[in-house]
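As given, the protein sequences belong to chains A, B and C, one line each in that order. Numbering (the numbering used here) for the first sequence: 1 to 371. Numbering (the numbering used here) for the second sequence: 1 to 42. Numbering (the numbering used here) for the third sequence: 1 to 403. Cβ coordinates follow ideal geometry from the N, Cα and C atoms, glycine included. Worksheet: one structure, shown below.
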Amino acid sequence: MRPAFSSTGQAAAFALLLFSLLLLPLIMGKSLLPPREQIYSSIWWANGAYPYLDQQIFEEKGDIDIAFIGASHIWQGIDTPYVQKQLSGKLGRQAVVRTFGWGGSGYDALYFIAQDLLEHRKVRTLVYYDVYDEEDIPRIPHVLAPRWFRFGDNAEALSGLSGTVQASYYFASVLGMPRNLLCLISPNKPADLFALSTNCWVIKQRALNPAGQLGALTEMLGYAARLPDHAPYMEYLPATPAAPSEACIYSPKTKSQFEFGGMQLPPAQLHFARKFVELAKAHGCQLILLHVPVLSERKSPVIREHLFWPDMLHADIAMVGIPAAKLFSNLTENDILKLYCDQAHFNKNGQAYFTTLITPALLSLYDVKNK
Amino acid sequence: MLKINSETLIHVILIILSLIILWLLVISPPDFLNNKIIYQAF
Amino acid sequence: MTFVIPAAIILAYILGGRFIVRQLTGSWRQIAFAGLNVGGLYWFFFSGHNTRFALYLVLIAIQFLVLWLYSEKAGWLPWLAFFTPIAALIAIRYFPVLFYGETALLRGSQPLQRGFDLLGLSYLAFRCSRLVLEIRNGLVKRPGFFEYVNFCFFLPTMPVGPINSFVNFHNAFSKEPVNIPLDRAALRILVGLIKFEFLGTLCNQLTYTGLFQDDHPHPWMHLPVGMMFYYLYLYCNFSGFCDMAIGAAGIIGIPVAENFDNPFAARNVKDFWNRWHITLSVWMRDVVFSPLSKFMVRMMGPAQANHAIALTIAVVFLLVGIWHGVGWNFAAYGAVHALGVVINHYYTIFLKKKLGREGFKAYNENRWIRAAAIGMTFCYCGGSLLFFANTFPQIREIFASLR
């Protein structure tokens with residue numbers, strides 16, 4: 001059997017290659033990295049609305065009144081054009097409401113993408129949801145960390161994390177180096193946001209183009225669409241819907257409608273949740289935690305959250321939601337399924353229904369803070 | 001004093017670097033390695 | 001910690017294999033080793049796919065029966081044993097409906113994507129057919145059933161080769177087996193693992209899937225980048241796995257033929273195939289090129305020998321292409337390499353005529369010419385992988401995304 005290397009020189013060269021690759025993020029630092037917008041323009045639509053995020057974060061300049069930000073539950077949970085229309089009516093001017101959504105839960109993604117957003121645009125109100133998903137425990141780091149985590153840019157965010165987690169993020173930046181180096185030599189072309197022929201959501205998921213929906217993902221899929229015997233999609237609006245007054249904003253009067261506790265957030269997730277809140281505070285953003293109900297809690301008479309967020313994160317966070325039992329009251333099991341495309345994500349019907357009920361509460365919170 | 005020739009030294013360095021990389025691979029999510037679509041839409 | 005159990009089982013396999021091959025004797029050795037290989041193969045690749053695994057076992061049994069009956073016979077009968085594994089490969093790959101009654105599954109799809117798990121089938125077919133030639137050429141005696149099962153299902157080389165010879169395999173069980181230094185084998189495994197998991201992953205960020213499949217427009221610069229990095233990725237992935245297979249086999253005590261020899265230093269496409277997937281090249285040379293070229297020269301006459309060899313080269317590389325996969329893109333891959341080797345063939349003849357022996361030698365030793373040749377070969381071989389890595393619709397999408 002031949003040895004692994006034909007000469008000592010070859011072995012030394014291999015060792016030097018490994019060493020250089022491991023040190024590349026340190027060598028590149030911050031100054032040698034391409035601009036951060038190159039990151040977003042190299043991520044696939046299938047991973048999230050990154051091309052839209054690229055345009056909204058780095059090209060658009062105006063202030064944002066309300067930004068919905070987070071992973072897929074909120075990305076599919078809110079009919080953003082509807083909220084914008086309602087807010088415009090209330091303010092008497094054209095409001096700016098956007099959704100910044102992506103696939104894959106985790107507070108690290110929320111923090112790093114929010115950081116890019118808030119560094120480039122003024123946002124008055126950030127609406128997010130608890131992106132820690134017990135049913136599909138998010139990995140730390142997020143699987144797309146090799147894309148948007150760069151050691152030169154984001155190293156200070158790791159301080160306070162365990163050595164293993166920090167090493168994992170560092171390794172993510174090592175894996176992301178090839179694409180960053182390519183972007184230095186040959187910058188990405190801007191995406192054509194309205195090229196429907198290349199948008200996988202439009203082609204394969206019967207969705208409206210998120211770029212045309214102010215960032216929201218609106219899928220016209222029946223329940224369990226990804227299974228062979230899935231239900232077909234049909235337009236549906238509950239005949240006897242819940243009332244917007246059923247929406248609850250947490251207060252001493254409404255605290256009986258909320259329940260806190262259950263699974264503890266892992267330390268790394270809590271670390272980034274705290275950093276996200278600190279970031280919002282530093283940029284003067286109002287924070288609203290929105291509860292987006294999943295199918296498994298349809299009979300729940302209360303809004304369940306992992307933590308009492310204001311205390312845990314030492315911040316003024318408004319919490320709002322609709323107890324699922326009230327949201328789905330007067331609806332049969334079949335009717336409820338018409339609102340979802342799977343266990344956790346609203347389809348177009350559910351998005352429209354939920355948004356009409358939750359928007360008045362959101363706007364009243366916006367009103368209070370931005371007078 | 002123990003004499004180490006250059007070949008052995010380089011192999012030792014290589015093994016240490018390899019073990020560091022393997023440790024980093026082990027502690028990282030496996031999806032890093034496959035460039036998979038994370039939102040399994042289709 | 002999801003790696004712990006597979007890593008422990010791999011280690012148990014390697015150490016168990018070493019114990020069996022080195023310490024046990026008699027007929028129990030092959031039986032015990034067969035149990036280890038079959039069990040390992042099932043656990044790693046066929047868990048939950050019992051029907052497919054059973055089909056593989058039936059296939060091996062049929063191949064062994066034909067081998068046993070015909071490999072040592074005179075005349076044309078050994079060719080039955082030779083072609084049985086190849087016929088099985090062709091049938092499974094191109095006619096999967098023979099194995100699956102649900103024709104609806106095949107509508108509009110490539111056979112490769114449906115049905116039968118094709119793990120290592122191409123390598124298995126070539127290993128087993130070559131065994132017949134080794135028996136016929138007197139290099140080795142006909143193996144017993146359990147040794148045949150071990151040769152077929154030897155876990156390190158099952159998924160992606162190398163296409164090891166039975167002579168190599170059998171020598172491990174002889175009275176004087178080859179002694180493979182353990183530290184050398186272990187370092188091979190470690191280096192292979194780093195190439196496969198780390199370097200391959202890094203390169204994969206800039207391959208066709210990593211770079212182009214993102215629904216975005218791309219500058220033209222991305223095309224040669226994708227080509228180059230796919231070439232590097234494939235090398236790290238394939239040679240890395242082979243390093244691990246060779247190292248693991250080495251620890252067990254079974255020598256396995258080398259599959260790579262610094263392919264980026266190839267100065268022409270012919271040289272490339274002496275350095276890349278060497279066991280496939282050797283198989284094609286011994287089983288197809290040698291007999292076919294003799295036949296073609298006889299048919300076309302000695303005056304046309306150069307053209308006869310060129311034709312043989314074209315046939316060989318078309319077969320190389322379609323061996324790699326089902327689809328016209330694989331045939332195109334083979335055709336591109338056929339063209340490259342044929343050009344090299346005629347160019348060599350031209351140079352020898354023009355420069356004479358000494359001039360040709362000087363030409364080959366000129367380092368600037370060598371550097372240019374290596375560069376051009378790298379680009380040619382890297383570019384040809386566009387067809388290997390992508391179907392024609394995917395190639396169209398790649399070009400459509402370029403601005």
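I want to verify the contact list: residues of chain A whose CB lies under 9 Å from the CB of residue i, in sequence order.
i	result
LEU24(B)	LEU22, ALA167, SER168, TYR170, PHE171, VAL174
PRO219(C)	SER186, PRO187, ASN188, LYS189
GLU258(C)	MET1, ARG2
LEU67(B)	Given that chain B is displayed from residue 1 to residue 42, the structure contains no residue 67(B) and the question cannot be resolved.
With residue i as the anchor, note down where its beta strand (DSSP E) starts and where it stops.
i	result
THR99(A)	97 to 101
PHE241(C)	Per DSSP, PHE241(C) belongs to no beta strand (DSSP E); it is in the alpha helix (DSSP H), 222 to 252.
GLN286(A)	286 to 290
VAL320(A)	317 to 321
GLY200(C)	Looking at the DSSP string, GLY200(C) is not in any beta strand (DSSP E); the run it does join, the alpha helix (DSSP H), is 200 to 204.
GLU259(A)	258 to 260
PHE113(A)	The amino acid at residue 113(A) is misidentified as Phe; the sequence shows Ile. Here ILE113(A) belongs to no beta strand (DSSP E); instead the alpha helix (DSSP H) covers 107 to 120.
List the whole-angstrom C-beta distance separating residue i from residue j, where the pair is believed to meet the contact cut-off of C-beta under 8 Å.
i	j	result
LYS175(C)	SER239(C)	The Cβ separation is near 33 Å, so there is no contact.
HIS314(A)	ASP130(A)	The Cβ separation is near 17 Å, so there is no contact.
ALA207(A)	TYR52(A)	Not a contact, Cβ separation roughly 13 Å.
ILE374(C)	ARG267(C)	5 Å
GLY200(C)	CYS236(C)	4 Å
PRO244(A)	PRO360(A)	5 Å
Whose CA, out of the options, lies closest to the CA of residue i?
i	options	result
ASP243(C)	TYR233(C), VAL256(C), TYR231(C)	VAL256(C)
GLY160(A)	ASN349(A), PHE272(A), PHE19(A)	PHE272(A)
ASP316(A)	ASP335(A), LEU331(A), LEU287(A), CYS200(A)	LEU287(A)
VAL276(C)	VAL66(C), ILE10(C), LEU124(C), ILE163(C)	Reading off the sequence shown, one finds Trp at residue 276(C), where the question assumed Val. If we check each option's Cα against that of TRP276(C), ILE163(C) comes out closest.
LEU11(C)	ALA88(C), GLU197(C), GLY40(C)	GLY40(C)
ALA245(C)	PHE3(C), VAL132(C), ILE14(C)	ILE14(C)
ALA172(A)	TYR233(A), ASP108(A), PRO232(A)	ASP108(A)
ASP335(A)	MET234(A), ASP63(A), THR164(A), PRO3(A)	MET234(A)
ALA71(A)	TYR52(A), GLY48(A), ASP63(A), ASP54(A)	GLY48(A)
GLN264(A)	ARG2(A), PRO81(A), PHE308(A)	PHE308(A)
LYS61(A)	PRO293(A), PRO35(A), TYR111(A), ARG121(A)	ARG121(A)
TRP44(A)	LYS352(C), ASN237(C), HIS218(C)	HIS218(C)
TYR230(A)	GLY284(A), LEU118(A), THR99(A), TYR340(A)	The sequence given here has His at residue 230(A), not Tyr. Per the Cα distances, TYR340(A).
TYR233(C)	LEU386(C), VAL287(C), ASP286(C), MET284(C)	LEU386(C)
GLY75(C)	ARG136(C), TYR123(C), ALA91(C), LEU36(C)	ARG136(C)
PHE44(C)	ALA54(C), LEU67(C), ILE9(C), GLY35(C)	ILE9(C)
ILE278(C)	ASP261(C), ALA265(C), PHE289(C)	ASP261(C)
PHE276(A)	GLN115(A), ALA12(A), GLN84(A), GLU259(A)	GLN115(A)
I want to verify the contact list: residues of chain A whose CB lies under 7 Å from the CB of residue i, in sequence order.
i	result
ASP215(C)	TRP44, TRP45, THR198, ASN199, CYS200
When the distance is taken between beta carbons, is residue j closer than 8 Å to residue i?
i	j	result
ARG179(A)	LEU206(C)	yes
TRP75(A)	LEU214(A)	no
ALA352(A)	ASP136(A)	no
VAL38(C)	VAL160(C)	no
LYS30(A)	ASP192(A)	no
SER168(A)	ILE27(B)	yes
LEU357(A)	ILE322(A)	yes
LEU14(B)	PHE14(A)	yes
LEU91(A)	CYS285(A)	no
VAL294(A)	CYS248(A)	no
PHE173(C)	VAL140(C)	no
PHE19(A)	LEU17(B)	yes
ILE66(A)	LEU117(A)	no
GLU258(C)	ARG2(A)	yes
ILE254(C)	PHE169(C)	yes
Going by DSSP, what residue range makes up the alpha helix (DSSP H) through residue i?
i	result
GLY152(A)	151 to 154
ALA91(C)	78 to 94
ILE185(A)	163 to 185
ARG147(A)	145 to 148
THR391(C)	Where THR391(C) is concerned, there is no enclosing alpha helix (DSSP H), given that its DSSP letter is neither H nor E.
GLY334(C)	328 to 365
THR125(A)	Not the alpha helix (DSSP H): THR125(A) falls in the beta strand (DSSP E), residues 123 to 128.
GLY210(C)	Where GLY210(C) is concerned, there is no enclosing alpha helix (DSSP H), given that its DSSP letter is neither H nor E.
Below 7 Å on C-beta distance, what does residue i contact in chain B?
i	result
PHE276(A)	Under the 7 Å cutoff, chain B gives no residues; its nearest Cβ is about 20 Å from PHE276(A).
Got a sec: is the Cβ-Cβ distance from residue i to anything in chain E below 8 Å?
i	result
LEU234(C)	In the structure shown, chain E cannot be found, because the protein chains are A, B and C.
Just to make sure I have the definition right: I need the residues of chain C whose C-beta is within less than 8 Å of the C-beta of residue i. Which are they?
i	result
ASP192(A)	PRO217
What residues of chain A sit near residue i, judged by a beta carbon separation below 8 Å?
i	result
ILE194(C)	LEU18
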